[in-house]
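Okay, so here's the structure we're looking at.
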Amino acid sequence: MCAGSAPKELSLAQKKVVVSHLLAKYGDRLSPAATSQLLAAVQLARPAATDPDLVKNRLVHSWATNNVTCKRVKTCMSLAPEVCAEVCQDGSIQPDPWTSYALQTQREIQYDTPLNYVSLPGTHNSAITLAYGYGLSEGMANALTHLISEDWQVYIANQQLGLWDQFKLGVRHFELDVHWWSDAIRICHAGGIHLQSLNDFIKFLGTEFGIHIDWDSETIGCFSPYDRTLNDTFVEIRQFVFAPGNEREFVIFYFDDEEDLLSWSKVNLILQGIEYHFGSYVFTPVDKQRLFPRSWPSFRQLKAAGKRLMFVSRTDYGEVMNRHLFARANMWTEYGPFPFSAYPNCTVRHAPVNNGKIARVFGDSLAYGPFWNGYDGQMMMPADLLEEAQCNVNFACVDQLSPILAEGFVWSWDKDQPKLRGGCAAMQPNGRWAALDCNATTLRSACRNPTTGAFVLSANATSWRSAQASCPTGFDFAVPLNGYANSQLAAVLRASSTPSSSVWLNRVA
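238 is the number of the first residue of the sequence shown in this note's numbering; add one for each residue after it.
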């Protein structure tokens with residue numbers, strides 16, 4: 238829980254403020270006037286300390302949105318049009334060219350790597366984003382919790398940017414929280430959390446005030462019939478997955494769903510949506526068994542089979558899902574981000590990674606005042622992402638993705654490299670890459686054993702074009718295929734007789 242003073246008993250006036258808030262936020266049968274009543278109640282309780290604009294507007298994580306180049310638009314709550322925030326119009330972000338090029342390089346050199354050894358940037362609760370209106374009420378919620386303790390915070394939105402913008406920042410693994418709510422499969426953050434204290438408080442509302450709300454901690458985040466539908470999300474996904482220039486991309490979508498969908502006979506709505514929007518482009522368990530029964534395919538093999546994306550479900554619905562959805566239990570194990578032991582140990586929560594067993598690591602920024610402060614209150618920062626990339630964690634999934642945070646996924650090119658387009662790649666003493674003149678420079682070469690993957694350096698320094706001939710018998714002139722291999726080569730360089738020199742890599746900028 239958040240640090241700070243212990244919760245104190247609410248006065249009746251404060252309880253009425255909280256009740257007004259809950260009615261405004263979760264009572265989809267109420268009029269927008271409830272929000273105005275909330276604002277009045279908060280200001281009545283703290284007339285000198287509460288700025289109405291802070292109550293009405295969502296308090297944006299400035300570190301995630303500052304210095305972002307995009308088209309700014311205003312988004313407001315459907316039931317409370319005075320509660321608004323300025324966001325990036327989805328698809329309008331202008332990524333940093335260096336980050337985009339480096340991440341593209343990393344995807345390209347993994348193109349022939351089996352899926353269980355690739356590393357893809359990801360986001361956690363990807364569509365629970367301010368860009369789609371989630372978290373607009375954080376300003377109101379924080380004003381209420383601060384009546385009790387200034388140390389309590391409320392953060393409802395996991396992201397600031399839309400899916401398309403996340404894709405432009407390099408994300409290829411998305412998590413979609415899908416639930417049946419208000420007569421449709423919708424995107425909302427629900428399930429997975431059981432908070433007895435919050436459930437008891439909702440019961441208190443019924444016993445003390447006669448107010449009964451069909452909502453509990455299991456449906457946190459599902460607020461109204463205006464939450465985004467899964468169908469609308471599929472339409473957007475089609476726009477960027479099938480956009481010109483993205484033909485070589487492969488994207489993974491993970492449904493954080495619940496078993497209730499099966500008992501409520503709603504699973505077919507998800508399967509029908511996948512079939513309608515994506516058809517034969519989806520890689521399915523049936524395809525896996527038919528085409529690649531003994532191992533996971535590479536992106537090149539998937540592209541040759543006409544596959545562009547895959548869907549994974551948190552819940553195993555049995556045979557009904559096999560033509561569209563993988564079950565998470567058959568795909569990967571997932572972990573919170575800490576403790577993480579960096580290279581060469583490469584373990585997360587004491588479990589090894591980069592061993593052929595797919596690992597998904599996710600951080601969490603959610604906070605619900607005194608009731609919840611994320612999974613151990615831990616988020617991943619750029620330095621954490623770099624450590625995970627250097628250990629080849631398959632899917633590192635972050636909250637509050639930003640251009641700065643996206644830099645943490647880069648393990649290859651050094652900052653602002655390659656400066657010489659058309660130049661030849663070389664690993665520098667710091668383990669990062671630079672582009673050098675292919676003919677004017679002589680360096681030792683990175684040589685890899687194709688069977689064991691072990692790196693050695695060539696005995697002699699040559700030009701880049703003579704690098705292959707300089708490698709010993711049984712070794713190929715090579716480039717690291719992932720962050721772990723890059724870490725291995727960097728260690729070989731540090732232990733060599735020329736640790737302050739660069740070494741050629743088999744890559745042209």
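Cβ coordinates follow ideal geometry from the N, Cα and C atoms, glycine included.
In this text the structure is predicted, and so the values were computed from the model without any measurement.
Query, Result
"Environment of His587 [buried if 16+ CB atoms lie within 10 Å]", "exposed"
"Environment of Val415 [buried if 16+ CB atoms lie within 10 Å]", "buried"
"Within 8 Å, strictly: CB atoms of Cys313 and Gln326", "no"
"C-beta atoms of Asn667 and Tyr354 nearer than 8 Å", "no"
"Beta-carbon spacing of His410, Cys634 below 8 Å", "yes"
"Unbroken stretches of the beta strand (DSSP E), 3 residues or longer, contained in the region 553-641", "570-572, 596-599, 632-635"
"Counterpart residues of Asp713 in DSSP-defined beta bridges", "Arg685"
"Tyr348, DSSP secondary structure in three states", "coil"
"Burial state of Gln343, where buried means 16 or more other Cβ atoms lie within 10 Å", "buried"
"Residue nearest to Asn629 in terms of C-alpha spacing, selected from Lys311, Ala579, Ala732", "Ala579"
"Where Phe492 sits in the DSSP three-state scheme", "strand"
"Coil, strand or helix - Gly510 by DSSP", "helix"
"Residue range of the beta strand (DSSP E) that includes Ala550", "Checking the sequence, you will find Ser at residue 550 rather than Ala. 546-550 is the extent of the beta strand (DSSP E) around Ser550."
"When Tyr572, Glu486, Trp648, Tyr348 are compared against Val598, the one with the closest alpha-carbon", "Tyr572"
"Touching by the beta-carbon criterion (3+ pairs, under 8 Å), the region 385-405 and the region 634-650", "yes"
"Test item: CB-CB of Ile393 and Tyr371 under 8 Å", "yes"
"Cβ pair Val729, Val693 closer than 8 Å", "yes"
"Which of helix, strand or coil DSSP assigns to Ala704", "helix"
"First through last residue of the beta strand (DSSP E) which encompasses Phe777", "Absent from the model: residue 777. The displayed extent of the chain is 238 to 746, so no value can be given."
"Alpha carbon of Ser315 to alpha carbon of Asp349, nearest angstrom", "47 Å"
"Whole-angstrom distance between Pro358 and Trp670, CA atom to CA atom", "20 Å"
"Whole-angstrom distance between Ala696 and Val519, CA atom to CA atom", "47 Å"
"Status (buried if at least 16 other CB within 10 Å, exposed otherwise) for Arg309", "exposed"
"C-alpha gap between Pro289 and Glu319, whole angstroms", "Confidence in Pro289 is poor, its pLDDT being 47 and thus under 50, which makes the residue's placement too unreliable to answer from."
"Cβ neighbours of Cys708 in the same chain (closer than 7 Å, five flanking residues each side left out)", "Ser682, Cys684, Ser695, Phe714"
"Buried versus exposed call for Glu387 [16 or more other C-beta atoms within 10 Å across all chains shown]", "exposed"
"Reference Pro576; option with closest CA among Trp533, Glu624, Asn592", "Glu624"
"Per DSSP, cross-strand counterpart(s) of Gln358", "As written in the sequence, residue 358 is Pro, which differs from the Gln given in the question. In the DSSP output, where bridge partners are listed per residue, Pro358 has Ala633."
"Tyr371 in three-state terms, based on DSSP", "coil"
"Sequence-distant residues of the same chain with beta carbon closer than 6 Å to Thr552, five excluded per side", "Asp494, Glu496"
"At least 3 beta-carbon pairs within less than 8 Å: the region 532-543 vs the region 558-567", "no"
"Span separating the alpha-carbon of Ser595 from that of Ala317", "The amino acid occupying residue 595 in the given sequence is Ile; Ser does not appear at that position. Those two C-alpha atoms are separated by around 43 Å."
"Paired residues, beta bridge with Leu680 - DSSP", "Thr699"
"Whether Tyr554 touches Leu506 by CB criterion (8 Å)", "no"
"Exposure of Tyr513, with buried meaning 16 or more beta-carbon neighbours within 10 Å", "exposed"
"6 Å Cβ shell around Asn723 - same chain, five flanking residues per side excluded", "Trp648, Pro717"
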